[in-house]
Amino acid sequence: MKTYGDIPGDAGSDVLGQVNAQQERLRARMARIHAKVAVLSGKGGVGKSVIVANLAAAFAEGGLRVGVLDADINGPSLGKMLGVRGQRLAFETAGVQPALGPLGIRVLSMDLFLPSDETPVLWTGPTEGGGYLWRGAMEAATLREFLADTEWGELDMLLLDLPPGTDRIPSLLSLLPELHGIVIVTLPSQVSQLIVAKSVTMAKEIVKAPILGLVENMAAHRCAHCGAEEALFAGEDSAQMAERLAIPFLGRVPFDPVLTRCADEGTPVLLSHPTAPAAQALSRIAAKIGEALHRAPALAEAKESP
Ligand SMILES: Nc1ncnc2c1ncn2[C@@H]1O[C@H](COP(=O)(O)OP(=O)(O)OP(=O)(O)O)[C@@H](O)[C@H]1O
Ligand SMILES: [Mg+2]
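In numbering that gives the first Met the number 0, the protein residues as written are 0 to 305.
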């Protein structure tokens, strides 16, 4: 059996040249996007994707050119939440044209490449020992292609919806030449908050990108009949937690069944039901993120945010 060491040079494949060319394409495309913001949590199922879909809507409504990259390769949701599933992607010389969501939001998600609802993403490769590392490498390679080979065009903002877990985040985010901010989402439950603290350490010490702040999701449920608010979880107050971790607190999104329904129907609640409690909370959070980005010197020339 031959090993790589037996093959002279790169056997004519110019692998290194291809990787460098892709890196260069990625750099050139990212240079045309003013602000890149990643949304992460640590714990899964806390509402990252629905928050990304609505933040994108808020910024697009405010007149920004917005793109959304669903970096959750194995559990993509943004195609569904932004109503673009089933759109045919156009492959052009310049790259893949992203799908177009509400208000022209440009969307790229693994969902758009899968042939059916039941098709999972399968990574064929080693299953023992190195399998985990190998899967991480494949995810990073896919994401690199999404960033490098999508014709994003000129954008004011690219939002990245990251997969749950803290382990793969540094390698995924290291693909970006620059990251302007991280938004962290938590439930007000101890189980979720425990992992938030790890995400904050990871963002500060490994990714080294500014943390724009913490969002508390599913903060409380308001009774549709009597208006009384009922807390759903018994964790630490998230505003206090943010203070303890020395990061800004961006606000609370209530549990709102209208939001769940809209996400399932593929319309951001913020556009279809702007007076719903969750929609109003999300628009205030978007405004705070916009202000925080504006204070960052690198974005001085970006357009006005909502
Ligand atoms: N504030 C809320 N009120 C009501 N439903 C919500 C709220 N936030 C999220 N949901 C619903 O909870 C479910 C999980 O949300 P979502 O998919 O956005 O979580 P996630 O953090 O992206 O999950 P994953 O970690 O698997 O990617 C969705 O059906 C979403 O519509
Ligand atoms: Mg998600």
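Beta carbons are placed, not taken as given, at the ideal position from N, Cα and C, and that holds for glycine.
The count of Cβ pairs closer than 8 Å, one atom from the segment 35-42 and one from the segment 181-188, reaches three, so the stretches are in contact. Within the same chain, and ignoring the five residues on either side of Gly-94 in sequence, the residues whose Cβ sits closer than 7 Å to its Cβ are Asp-148, Thr-149, Glu-150. Non-local C-beta neighbours of Asp-255 in its own chain, meaning closer than 7 Å and more than five positions away in sequence, comprise Ala-275, Pro-276, Ala-277, ordered along the chain. Per DSSP, the beta bridge partners of Thr-149 are Val-95. Remark: the shortest separation between the CB of Asp-71 and any heavy atom of ligand 2 falls under 7 Å. Looking from the CA of Glu-204, the closest CA among Glu-215, Ile-168, Glu-144, Leu-154 belongs to Ile-168. When C-alpha distances from Arg-26 are compared across Val-206, Gly-212, Ala-286, Glu-144, the shortest belongs to Glu-144. Under the DSSP assignment, His-272 falls outside any alpha helix (DSSP H); it carries neither an H nor an E label.
DSSP, read as helix, strand or coil, puts Asn-73 in coil.
Inter-residue distance for Ala-208 and Asn-19 is about 24 Å (C-alpha atoms, whole angstroms). A Cβ-Cβ distance of about 6 Å is found for the pair Leu-158 and Leu-54, placing them in contact under the 8 Å criterion.
For the pair Ala-285 and Phe-58, the CB atoms are nearer than the 8 Å cut-off.
Ranked by Cα distance from Arg-105, the first of Glu-228, Asn-73, Asp-155 is Asp-155. In this structure, DSSP gives Ala-285 a helical state, which the three-state scheme calls helix.
Residue pairing for Phe-248: DSSP places it in a beta bridge opposite Leu-213. With a threshold of 16 other beta carbon atoms within 10 Å, Ser-173 falls short and is exposed.
In this structure, the C-beta of Thr-259 approaches ligand 1 to less than 7 Å from one of its heavy atoms. For Ala-277, the CB falls within less than 7 Å of some heavy atom of ligand 1.
Placement of the Cβ of Asp-160 at a distance of less than 7 Å from at least one heavy atom of ligand 2 is found.
Relative to ligand 2, even the nearest heavy atom lies 7 Å or more away from the CB of Gly-41. Under the 8 Å Cβ criterion, the segment 266-273 does not count as touching the segment 26-36, having fewer than three qualifying pairs. Contact check for Ile-210 and Ile-246: beta-carbon distance about 5 Å, within the 8 Å limit, so the pair qualifies.
Annotation: Asp-166 is outside any beta strand (DSSP E) and is labelled neither H nor E by DSSP.
Residue side-chain check: Lys-287 keeps its Cβ at 7 Å or more from all non-hydrogen atoms of ligand 1. Closest in alpha carbon position to Ile-72, among Glu-264, Met-137, Gln-189, Cys-225, is Met-137. Secondary-structure assignment with DSSP links Leu-159 through a beta bridge to Ala-37, Leu-68. Placement of the Cβ of Lys-47 at a distance of less than 7 Å from at least one heavy atom of ligand 2 is found.
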